[in-house]
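Undergrad:
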Ligand code: BG6
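Numbering (the working numbering), first residue to last: 1 to 514.
1) Might you give, ordered along the chain, the residues of its own chain that have their beta carbon closer than 7 Å to the beta carbon of residue 1, omitting 5 neighbours on each side?
2) Residue 332: which of 351, 342, 340 and 321 sits nearest, CA to CA?
3) From the DSSP output, in three-state form, read off residue 318 for me.
4) Is it buried or exposed, residue 149, if we count other Cβ atoms within 10 angstroms and call 16 or more buried?
5) Relative to the C-alpha of residue 292, which candidate in 340, 320 and 265 has its C-alpha closest?
6) Under the three-state reduction of DSSP, which class applies to residue 282: helix, strand or coil?
7) Mind reading off the beta-carbon distance from residue 124 to residue 168? Whole number of angstroms is fine, and I expect it under 8 Å.
8) Would you report the Cα separation of residue 5 and residue 263, rounded to the nearest angstrom?
9) Take residue 534 as the anchor and find which of 183, 190, 180 and 362 has the nearest alpha-carbon.
10) So residue 16 and residue 136 are in contact, right, with Cβ under 8 Å, and what is the actual spacing, rounded?
11) What residue does the beta strand (DSSP E) around residue 385 start on, and which one ends it?
12) Please classify residue 272: does DSSP put it in a helix, a strand, or coil?
13) Are the beta-carbon atoms of residue 490 and residue 358 separated by less than 8 Å?
14) When DSSP labels each residue in this structure, what does residue 180 get in the three-state scheme?
15) So is residue 181 buried or exposed if we call it buried at 16+ other beta carbons inside 10 Å?
16) For residue 255 versus residue 298, is the C-beta distance shorter than 8 Å?
17) Go through its chain and collect everything with a Cβ distance to residue 103's Cβ below 6 Å, but skip five positions before and after it.
18) With DSSP as the reference, identify every bridge partner of residue 366, one or two as the case may be.
19) Given the structure, does residue 230 come close to the ligand BG6, in the sense that its CB is under 7 Å from one of the ligand's heavy atoms?
20) Using beta-carbon positions only, say whether residue 404 and residue 198 come within less than 8 Å of one another.
21) What would DSSP say about residue 214, mapped onto helix, strand or coil?
22) Measure the alpha-carbon distance for residue 459 versus residue 510 and round it to whole angstroms.
23) Quick check on residue 453: does DSSP put it in helix, strand or coil?
24) Nearest by alpha-carbon distance to residue 21: which of 65, 57 and 177 is it?
25) In its own chain, which residues sit with a C-beta less than 8 Å from the C-beta of residue 186, not counting the 5 before and 5 after it?
26) Flag residue 252 as yes if its beta-carbon sits less than 8 Å from any beta-carbon of chain B, otherwise no.
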């Protein structure tokens, strides 16, 4: 239960883009869960805003179907009825000023009806296409919904969904548009990866334990690999959007670089939004390509062809619904990057993400250096086949999803009369230990906005730095660049990605999810 914070407070949440997929799949379920657990009280209205004409009742019943599914239990159903009575719908054409004036009036009426305190913040969630963000904030401003006095400015918080721009220039324009009407403190740029429980644990694991942090630097670490692999393709008609985006913009520029920041940043002086984001920013400023000769030597792209994923046939990307049949959009990207600072100079960071890979898995694997002397190497023969078996380097893996876990691989002596080496793992699995459901990313992040905590949101300078880093790669690929290599669906990506590592005698870790 929510007795540790917020109980008793009330907040109005307005969702722009209420007819969209995100609202039904993520936002309403998260708000419902927060209400159910007592984090949002009965004076907290949720107002869906979109262009189509719809009654409150229609909106509620559409949401009910997608949130509760076919046969909810009685308790869930009762909780939903209670929550749904506070869900409203208002039609707004985002380009029409008068509609915002009507929205403001309506919002006040709903708040009066529910008894929402006038000094509580309103949260506006922009879940629309990014091209409408400008209209939306101008409209809010014109209707007087953005408080101007400094002391009251915190009464409006605007959450902005990704994609935040398609490159550096467009992200700068978007920032300017938002900043015309809002202060930086009022803007919450969401990256749902930061809301994942295991992602938040990266900082606690690093800075809440004394034994790991002294090892995380160039003296002990050989390389770090960050993998965000997905087995899905373009389900749900996503091909249209995806073909304007690709793996670099869709996942690497945001989720993967955020994971890199968390595993690579220095400890903040305080565990507070500004200090943490300052440290992430320093890391992004120190980010360098892993090879200075040419982009093609450190950034690799690929696209899936047909293949088998989980033993099921999968079509090629170019055969997917709404994808042009000659598309050159990348569905896979791998990079070798380095962080040019005192802690990490010379340590390769290998990043990769892609669709239609063998499994869905997100992990950070820290590979330590080999022992300086291999005292325990033995030759093991099986028939005519003999292998040299030596102690393998230690590996610390933070598995973000699925089966959230942390494990440490080390060498041990196999029982017997000889010194034979066997790699084993010590592991910690969240589910085994906590025996509880991990809160969803949107639940956590929405609650943070309601609480006014921006720690897990991306600040504008962070976001622009991330775009600045990937921009030259986008340019290179958009102007032709190195050819796009096809990989069969259900494999770990193009051969060129393996060469990124094999040139230096390294290999990608093959994640196994049991
Ligand atoms: C989204 C991307 O931001 O993240 C999707 O747009 C991707 O393409 C998704 O599938 C992955 O998120 P998760 O939480 O399923 O790992």
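Ideal Cβ placement from N, Cα and C applies to all residues, glycine included.
TA: Taking the structure as given:
1) Only weak support is given to the placement of residue 1: the predicted model assigns it a pLDDT of 42, under 50, and the question is left unresolved by the model.
2) 351
3) helix
4) exposed
5) 340
6) helix
7) Not confirmed; about 26 Å, so no contact.
8) The pLDDT assigned to residue 5 is 44, lower than 50, so where the model puts this residue is not dependable, and the model offers no usable value.
9) As displayed, the chain neither begins before 1 nor continues past 514, which places residue 534 out of reach and without an answer.
10) 5 Å
11) 385–389
12) coil
13) yes
14) helix
15) buried
16) no
17) 90 and 92
18) 224 and 396
19) yes
20) yes
21) helix
22) 33 Å
23) coil
24) 65
25) 146, 153, 154, 156, 157 and 158
26) Absent from the structure is chain B; it holds one protein chain and no more.
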